[in-house]
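A.B. asks: One line per chain: the protein sequences are A and B, in this order. The first sequence begins at 2 in this note's numbering and counts up by one. The second sequence begins at 205 in this note's numbering and counts up by one. All residues carry an ideal CB built from backbone N, CA and C; glycine is no exception. Here the structure is a predicted model, which means the values were calculated and not measured.
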Amino acid sequence: MTNEQNTVSRKEASEALDSIAANKHRIIETQRPPILLTLLASISYAAIIFGYGMTEHENQWALAMVLGGLGFAISMGLSYYTFRILGVKPSIIPKSSASMRLNLMSGLVFAILIIGGRELRLIGFEYAPHIAAVLAGIILFGLINKYPTGEYIEEKTNDKS
Amino acid sequence: MTSLNATIHAPNRLQICAILATSAELEFKLIREQLDVSDSVLSKHLKVLEESGYIQLKKRAEFGRSRTWVALTSEGRKALSSHVKALKAIIADAV
Numbered sequence: 002m003t004n005e006q007n008t009v010s011r012k013e014a015s016e017a018l019d020s021i022a023a024n025k026h027r028i029i030e031t032q033r034p035p036i037l038l039t040l041l042a043s044i045s046y047a048a049i050i051f052g053y054g055m056t057e058h059e060n061q062w063a064l065a066m067v068l069g070g071l072g073f074a075i076s077m078g079l080s081y082y083t084f085r086i087l088g089v090k091p092s093i094i095p096k097s098s099a100s101m102r103l104n105l106m107s108g109l110v111f112a113i114l115i116i117g118g119r120e121l122r123l124i125g126f127e128y129a130p131h132i133a134a135v136l137a138g139i140i141l142f143g144l145i146n147k148y149p150t151g152e153y154i155e156e157k158t159n160d161k162s
Numbered sequence: 205m206t207s208l209n210a211t212i213h214a215p216n217r218l219q220i221c222a223i224l225a226t227s228a229e230l231e232f233k234l235i236r237e238q239l240d241v242s243d244s245v246l247s248k249h250l251k252v253l254e255e256s257g258y259i260q261l262k263k264r265a266e267f268g269r270s271r272t273w274v275a276l277t278s279e280g281r282k283a284l285s286s287h288v289k290a291l292k293a294i295i296a297d298a299v
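#1: Of the residues that make up the segment 27-40 of chain A, which ones have a beta carbon closer than 8 Å to any beta carbon in chain B?
#2: Can you confirm whether Thr3/A, when its beta carbon is compared against all beta carbons of chain B, has any partner nearer than 8 Å?
#3: May I ask you to list, following chain order, the residues of the segment 136-151 of chain A that have a beta carbon less than 7 Å from some beta carbon of chain B?
#4: Alpha carbon to alpha carbon, how far is Lys251/B from Leu141/A? Give it in angstroms, no decimals.
#5: Report the rounded CA-to-CA distance for Leu174/A versus Lys233/B, giving the unit in angstroms.
#6: Would you say Ser92/A lies against chain B (beta-carbon separation less than 8 Å)?
#7: According to the neighbour-count rule (16 or more other Cβ atoms, all chains shown, within 10 Å of its Cβ), is Ile86/A buried or exposed?
#8: Taking all protein chains shown into account, decide if Glu155/A is buried (16 or more other Cβ within 10 angstroms of its Cβ) or exposed.
#9: With respect to the beta strand (DSSP E) encompassing Leu261/B, which residues constitute its N-terminal and C-terminal limits?
#10: With respect to the beta strand (DSSP E) encompassing Ser270/B, which residues constitute its N-terminal and C-terminal limits?
#11: What residues from chain A crowd round Arg281/B, counting only those whose CB sits closer than 8 Å?
#12: Beta-carbon of Ile259/B versus every beta-carbon of chain A: anything under 8 Å?
#13: Quick check on this structure: which residue in Ile21/A, Met106/A, Ala23/A and Pro35/A has the alpha carbon closest to the alpha carbon of Ser80/A?
#14: For Ile44/A, which residues in chain B fall below 9 Å Cβ to Cβ?
#15: Excluding the 5 residues flanking Ser43/A on each side, which residues of the same chain have their C-beta closer than 6 Å to its C-beta?
#16: Which term fits Gly52/A, buried or exposed, when burial requires 16 or more other beta carbons within 10 angstroms of its beta carbon?
#17: Please report how far the alpha carbon of Ala228/B lies from the alpha carbon of Pro130/A, in whole angstroms.
#18: Which runs of the alpha helix (DSSP H) at least 4 residues long sit entirely within the segment 49-117 of chain A? Give them in chain order.
#19: Report yes if the C-beta distance between Gly108/A and Ala133/A is below 8 Å; otherwise report no.
#20: Counting only C-beta atoms, is Val288/B closer than 8 Å to chain A at any point?
#21: Can you pull the chain B neighbours of Arg1/A, defined as C-beta to C-beta under 7 Å?
#22: Is there a C-beta anywhere in chain A that falls below 8 Å from the one on Lys263/B?
#23: Can a CB atom of chain A be found closer than 8 Å to the CB of Glu229/B?
Below, the structure is given as structure tokens:
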């Protein structure tokens, strides 16, 4: 496409990139799960982390972990069902390298919060599970809102400067 | 230097590839609503992309009706990524 490339001006290239970004963000808006479902998923996930951090020989916090797991599974199942009705199949395995990096980073952060929350409590920092659970809930809420399909979407494709 | 892809460069096809990159699969009806085009126009663009190996079309019966699902292939993802790089290069070269 050498000839066409020569005729594509900077303005046209810029407009093409802008339209790609705009369309991606528009479709993400339609794919965002209902806020209550996102809240249920985030609170359930926070309950799992909090329950794990507080559990001592199967005390009542183990129940919080189980209930959190149940709530999380239900909210994820409902989200998936909503997506299918809307005509979207979200990515279970990330398709792009940027999405893979995002998922790996999120997994690492959640792993640190789960293990850190419990380990810090065991060495005497009493409120570590509380902080870890709140952080995990907020991060998950943000991730579901920003990347509902599991694919990384650039903030801005084009620099207009 | 990466060159622009003639198949993807057409505005509607570029938008189709861009929105398909956000998910594993999207339904035909949703893409049509997003692009605000008729069934025939969308079918024509999808056919061009399918023949180039950039997308895959699957018909499945779900919720009591037949639905057509469209997915970007790995080749399509690479082509879109190269095309975006080429567009960025044009902007960078012009600065």
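C.D. replies: Per the coordinate set shown:
#1: Cβ contacts with chain B come from Arg27, Ile28, Ile29, Thr31 and Gln32.
#2: In this prediction, Thr3/A scores a pLDDT of 46, lower than 50, which makes its location untrustworthy; the coordinate-derived value is nonetheless stated afterwards. True, the Cβ-Cβ gap to chain B drops below 8 Å.
#3: Residues passing the 7 Å Cβ filter: Thr150.
#4: Rounded to whole angstroms, Leu141/A to Lys251/B spans 38 Å at the Cα level.
#5: This structure cannot speak to residue 174/A, because chain A is shown only from 2 to 162.
#6: Interface residue (Cβ-Cβ distance to chain B less than 8 Å): Ser92/A is classified as such.
#7: Result: exposed.
#8: Glu155/A is exposed by the Cβ-count criterion.
#9: Counting along the chain, the beta strand (DSSP E) containing Leu261/B begins and ends at Ile259 to Glu266.
#10: According to the DSSP assignment, Ser270/B belongs to the beta strand (DSSP E) that extends over Arg269 to Leu276.
#11: Neighbours of Arg281/B on chain A, chain order: Lys96 and Ser97.
#12: No, Ile259/B does not count as interfacial toward chain A.
#13: Looking at Ile21/A, Met106/A, Ala23/A and Pro35/A, the one whose alpha-carbon comes closest to that of Ser80/A is Pro35/A.
#14: Chain B residues near Ile44/A: none, gap ~26 Å exceeds 9 Å.
#15: Excluding positions up to five away in sequence, the list reads Gly138, Leu141 and Phe142.
#16: Counting Cβ neighbours within 10 Å, Gly52/A comes out buried, since at least 16 surround it.
#17: Between Ala228/B and Pro130/A, the C-alpha separation is close to 35 Å.
#18: Counting only runs of 4 or more, we get 61-87.
#19: Cβ atoms of Gly108/A and Ala133/A: not closer than 8 Å.
#20: For Val288/B, at least one C-beta of chain A is nearer than 8 Å to its own C-beta.
#21: Summary: the structure shown does not reach residue 1/A, with chain A confined to residues 2 through 162, and so no result is reported for it.
#22: No Cβ of chain A is located within less than 8 Å of the beta carbon of Lys263/B.
#23: True, the Cβ-Cβ gap to chain A drops below 8 Å.
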